[in-house]
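K.L.:
Residue numbers (the working numbering): 14 to 353.
Shown next as structure tokens:
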């Protein structure tokens, strides 16, 4: 059964997907008669971002666009039905584009196009991105306090495989007394089953030299769903089943089978100068002990230059139902670097 595009009430959200392994140019015609060629990255807040080989990334006011053509298939979303339609976009007269879907076509005003974004393109080449954040707070008053925090997050992607690695270190000394001293390491590997569904296996380990609950270990595996991964950011959720293990300062240990929900959220704001991010997991044991664990982080990262950043973050770690209840809060701020 065909879809009659002419009867769809589009508040057009456009997602750009590329043909496999073929790099093609998009073309944008401006109201003043100029023509630009490149790869459309996104349209947000009235600004069209076009990546070119001759001038880097250009930002063009959408109001100055007359018409456009995409050499790749585009998915148009209907905000009422929440469905996406794969279409082709061709130029038309000033102020309009031609949308083609199956055997039907529609002439659409460019004013009805609100957002346009390039979907993630899976490649046989490694895609490496990440960031390092560091913060130092040295206070010398009635008490002397040295506070250090460091975090690393990096992701590697190749075709259907994704690797996510992160590590943190926190240390606080007040008048020669160590109040905080811990590190953590996490590794996750995803295999994309379909466009949005994936299977994840995750390992995380935390070591603390101050708290009685000195070691936390989580191993889990399960399905995940990618809500989006494009030029505006990414958001994924996974449901994992596995085992929790907790160690204490006297070398005692207890283990539990359980389940956890993990999320990874990142959104670019204000012309990509600000990044809102949140990641974490909520776990619960499947036995009578009722162990509950929460490990979550929320923060903002501001781009000072193309590679340097300033960040503000809040981290919360809660463990209940074990021999020692843990409720740790860490507020961090400082400089960092990012790459992609």
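Positions of the beta carbon are idealized from the N, C-alpha and C atoms, including for glycine.
The beta strand (DSSP E) spanning residue 119 covers which residue range?
P.N.:
117-122
K.L.:
For a test of the three-state rule: what should DSSP assign to residue 76, helix, strand or coil?
P.N.:
helix
K.L.:
To which residues of the same chain is residue 281 closer than 7 Å at the C-beta, ignoring the five residues directly before and after it?
P.N.:
Correct list, in chain order: 245, 246 and 288.
K.L.:
For residue 125, does the three-state DSSP call read helix, strand or coil?
P.N.:
helix
K.L.:
Tell me whether residue 36 is buried or exposed, calling it buried when 16 or more other Cβ atoms sit within 10 Å of its Cβ.
P.N.:
Note that residue 36 scores a pLDDT of 44, beneath 50, so its modelled location is shaky; the value from the coordinates is reported in the next line. So residue 36 ends up on the exposed side.
K.L.:
With the cut-off set at 8 Å, would you say residue 324 and residue 313 are in Cβ contact?
P.N.:
yes
K.L.:
What first and last residue would you give for the beta strand (DSSP E) that runs through residue 39?
P.N.:
39-43
K.L.:
With a cut-off of 8 Å on the beta carbons, I'd call residue 257 and residue 296 a contact; round off their distance for me.
P.N.:
6 Å
K.L.:
Which parts of the region 154-238 are runs of the beta strand (DSSP E), unbroken and 3 residues or longer, counting only runs that do not cross its ends?
P.N.:
157-171, 174-187, 190-205 and 210-221
K.L.:
Between which two residues does the beta strand (DSSP E) holding residue 318 run?
P.N.:
Where residue 318 is concerned, there is no enclosing beta strand (DSSP E), because DSSP gives it neither an H nor an E.
K.L.:
Does the CB of residue 246 have a neighbour CB from chain D at under 8 Å?
P.N.:
Here there is only one protein chain, and chain D is not present.
K.L.:
Going by beta carbon distance, what residues of the same chain come within less than 6 Å of residue 167, once the five residues before and after it are set aside?
P.N.:
143 and 178
K.L.:
How many Å lie between residue 335 and residue 185 at the Cα?
P.N.:
25 Å
K.L.:
State the start and end residues of the unbroken beta strand (DSSP E) segment that holds residue 54.
P.N.:
Where residue 54 is concerned, the enclosing beta strand (DSSP E) starts and stops at 48-57.
K.L.:
DSSP beta-bridge partners for residue 292?
P.N.:
277 and 310
K.L.:
Quick check on residue 191: buried or exposed, where buried means 16 or more other Cβ atoms within 10 Å of its Cβ?
P.N.:
exposed
K.L.:
Within this structure, are the beta carbons of residue 65 and residue 71 separated by less than 8 Å?
P.N.:
Yes, the pair counts as a contact, with Cβ atoms nearer than the cut-off.
K.L.:
Look at the alpha carbon of residue 259 and the alpha carbon of residue 228, and state the distance between them as a whole number of angstroms.
P.N.:
6 Å
K.L.:
Apply the 10 Å Cβ neighbour rule to residue 265 and answer buried if 16 or more other Cβ atoms are within range, or exposed otherwise.
P.N.:
When all chains shown are included, residue 265 counts as exposed.
K.L.:
Does DSSP put residue 256 in a helix, a strand or coil?
P.N.:
strand
K.L.:
Just tell me which of 68, 59, 55 and 57 has its CA closest to the CA of residue 49.
P.N.:
It is 68 whose Cα lies nearest to the Cα of residue 49.
K.L.:
Are the CB atoms of residue 268 and residue 294 within a distance shorter than 8 Å?
P.N.:
No.
K.L.:
Which residue or residues does DSSP assign as beta-bridge partners of residue 101?
P.N.:
113
K.L.:
Looking only at its own chain, which residues have a Cβ that is under 6 Å from the Cβ of residue 180, when we skip the five neighbours before and after it?
P.N.:
165 and 198
K.L.:
Could you check what DSSP says for residue 261 in three-state terms: helix, strand or coil?
P.N.:
The answer is strand: DSSP assigns residue 261 an E or B state.
K.L.:
So what does DSSP say about residue 4, is it helix, strand or coil?
P.N.:
No statement about residue 4 is possible, as the shown extent of the chain runs from 14 to 353 and does not include it.
K.L.:
Answer with buried or exposed for residue 344, where buried requires no fewer than 16 other C-beta atoms within 10 angstroms of its C-beta.
P.N.:
exposed
K.L.:
With distances taken Cα to Cα, identify the nearest neighbour of residue 241 among 208, 147, 125 and 159.
P.N.:
208
K.L.:
Please work out which residues of its chain come closer than 7 Å, Cβ to Cβ, to residue 62, disregarding the five sequence neighbours upstream and downstream, and give them in chain order.
P.N.:
54, 55, 70 and 72
K.L.:
Can you determine whether any heavy atom of the ligand NAP sits closer than 7 Å to the C-beta of residue 106, and answer yes or no?
P.N.:
Looking for the ligand NAP in the displayed structure turns up nothing, as the structure carries no ligands at all.
K.L.:
Taking its Cβ as the centre, do 16 or more other Cβ atoms sit within 10 Å of residue 308, making it buried, or is it exposed?
P.N.:
Answer is buried; the Cβ neighbour count reaches 16.
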